[in-house]
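In terms of the numbering used here, the sequence shown is residues 43 to 403.
Beta carbons: idealized from backbone N, C-alpha and C, even for Gly.
Source: prediction; values computed, not measured.
Down below is the structure, laid out as structure tokens.
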Amino acid sequence: MKSIFVVGSTGFLGREALEVVKLLGENYKVVGITGFNNLEILSEQIRSFLPKYVGASTKILDSLKEMFEKAYIFDVENELEQVLEDASPDLTLFLSSKITSLRSIYNQISNEHFVGIGNKESIIAGGEILFSDQARKFIIPIDSEPSAIFQCLRGERKDEIRNLILTASGGPFFDRNKTTFDDIKKEEALKHPKWKMGRKITIDSSTLINKAFEVIEAHFLFNVPYEKIKVVIHRESVVHSIVEFEDGIMKAILSLPLMYFPLEFAITYPNRINSGLPQLNLNSLKRLTFEEMDLDKFPGFNIVLDYAKKGGNFLPVIIALDEVLVESFLNNRIKYTEIYTHLEKILEKFTFKRITSIDEV
């Protein structure tokens with residue numbers, strides 16, 4: 043039986059991960075989950091999966107301890123590292139969008155324990171510290187596009203890669219006139235045409251800042267230089283990424299645009315198991331299209347990449363600033379376009395500093 047520990051189980055990805063585990067059946071066991079303040083969802087998950095370890099914020103710890111005497115209830119902000127060491131799961135899924143899990147990710151990898159990472163924020167913020175050739179052996183990406191690249195590269199040689207090609211749906215505003223972007227409301231930005239995701243990543247996808255994050259993620263995950271990582275617009279969201287090899291041959295991963303698939307791949311890796319997820323029917327596809335990005339319409343993409351390439355403290359700073367700016371937009375404090383214009387103005391004020399440890403992040 044494969045033991046699974048889900049960090050961030052009450053979020054969008056966490057809930058879908060638990061659904062996948064349920065579909066996979068008795069050969070997979072959830073031994074631990076963590077949420078934060080969502081007592082209702084966390085309680086439902088405890089009743090459904092009976093995990094031995096449950097992490098939450100101090101705000102709801104006492105309530106959980108009263109309700110579930112048999113589980114080990116712990117403070118997720120201060121005890122996660124020790125609990126993961128004690129639990130020693132076969133796979134830990136890091137699915138929270140916060141970088142607070144960075145040290146736990148680092149420790150799990152250092153101890154040669156497999157981790158599935160759907161938390162691109164930690165990969166980017168700690169990328170210069172987390173990754174070595176040895177560490178990469180224990181990391182399974184869960185973002186759809188990096189997961190597709192990971193799958194395409196199985197059995198292939200790194201020195202034969204010409205390009206990694208990430209696909210992007212273009213988001214809800216691909217066809218919208220740029221002159222109207224100041225008027226975009228959060229309700230519009232939260233309506234992604236293809237993917238069902240959490241609020242922050244949906245906003246980041248609409249600005250294409252999320253795609254810049256995925257380029258950085260791919261750079262660290264696969265140790266490929268930025269100039270070999272390309273992005274194309276693929277409106278159908280069926281081809282999730284492509285690897286182009288030196289001989290001109292390309293490999294791609296196709297599936298329905300559902301996060302269940304990269305989650306299932308990570309949970310069952312290195313095997314492939316049919317859990318009953320809906321399957322792609324090629325006969326139903328009318329066409330597959332690919333287009334260039336409009337970088338003038340979506341300047342956030344290059345703003346993020348230009349500063350990310352500087353490395354050092356710019357990596358965690360970009361993550362922190364974007365989180366604050368997206369939250370400000372969602373709370374109606376700034377305009378949609380100010381997400382990336384403010385990001386650039388603030389980044390211009392920072393000077394480079396090398397990051398040498400997890401603590402510095």
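Report yes if the CB atom of residue i is closer than 8 Å to the CB atom of residue j, and no otherwise.
i	j	result
residue 151	residue 116	no
residue 271	residue 206	yes
residue 49	residue 135	yes
residue 260	residue 208	yes
residue 160	residue 128	no
residue 202	residue 264	no
residue 342	residue 277	no
residue 372	residue 385	no
residue 388	residue 363	yes
residue 133	residue 46	yes
residue 238	residue 210	no
residue 275	residue 333	yes
residue 220	residue 339	yes
residue 257	residue 280	no
residue 400	residue 158	no
residue 139	residue 242	yes
residue 320	residue 298	yes
residue 182	residue 70	no
residue 162	residue 78	no
residue 118	residue 105	no
residue 349	residue 361	no
residue 107	residue 194	no
residue 197	residue 137	no
Put residue i into one of helix, strand or coil per three-state DSSP.
i	result
residue 114	strand
residue 127	helix
residue 188	helix
residue 378	coil
residue 266	coil
residue 97	strand
residue 133	strand
residue 404	With the chain covering 43 to 403 only, the question about residue 404 has no answer from this structure.
residue 45	strand
residue 74	strand
residue 203	strand
residue 227	coil
residue 397	coil
residue 221	helix
residue 52	coil
residue 233	coil
residue 64	helix
residue 293	strand
residue 92	coil
residue 208	strand
residue 120	helix
residue 387	helix
residue 298	coil
residue 288	coil
residue 85	helix
residue 402	coil
Of the choices the options, whose alpha-carbon is the least far from that of residue i?
i	options	result
residue 228	390, 388, 369	369
residue 102	76, 124, 127	76
residue 72	105, 126, 54	126
residue 403	88, 124, 143, 121	143
residue 165	93, 105, 54, 146	146
residue 231	273, 245, 219	245
residue 111	327, 223, 88, 197	88
residue 282	191, 137, 113	191
residue 351	43, 170, 53, 241	170
residue 199	108, 255, 266	266
residue 214	97, 106, 222, 235	235
residue 124	107, 96, 109	96
residue 54	91, 69, 318, 301	301
residue 175	69, 154, 225	154
residue 113	93, 131, 105	93
residue 44	204, 68, 328	68
residue 316	293, 65, 149, 327	65
residue 130	397, 109, 156	156
residue 224	57, 120, 383	383
residue 365	240, 217, 329	240
residue 74	269, 81, 91, 82	91
Taking only heavy atoms of the ligand HEM into account, decide whether any of them is closer than 7 Å to the Cβ of residue i.
i	result
residue 398	Only the bare structure without any ligand can be found here, which leaves the ligand HEM out of the picture.
Stretch-stretch touch, CB-based, cutoff 8 Å, three pairs: the stretch 246-253 with the stretch 377-390
yes
Three Cβ pairs or more, each shorter than 8 Å: is that satisfied between the stretch 389-397 and the stretch 350-365?
yes
Indicate whether the contact test is met: 3 or more Cβ pairs, each with one atom in the stretch 55-63 and one in the stretch 300-320, closer than 8 Å.
Output reads yes: the stretch 300-320 touches the stretch 55-63.
Fully enclosed by the stretch 140-197, which beta strand (DSSP E) runs are 3 residues long or longer?
156-159, 181-183
If you scan the stretch 303-377 from start to end, which runs of the alpha helix (DSSP H) of 4 or more residues do you find wholly inside it?
342-350, 356-372
Runs of alpha helix (DSSP H) lying entirely within the stretch 239-286, each at least 4 residues, in chain order
241-249, 251-264
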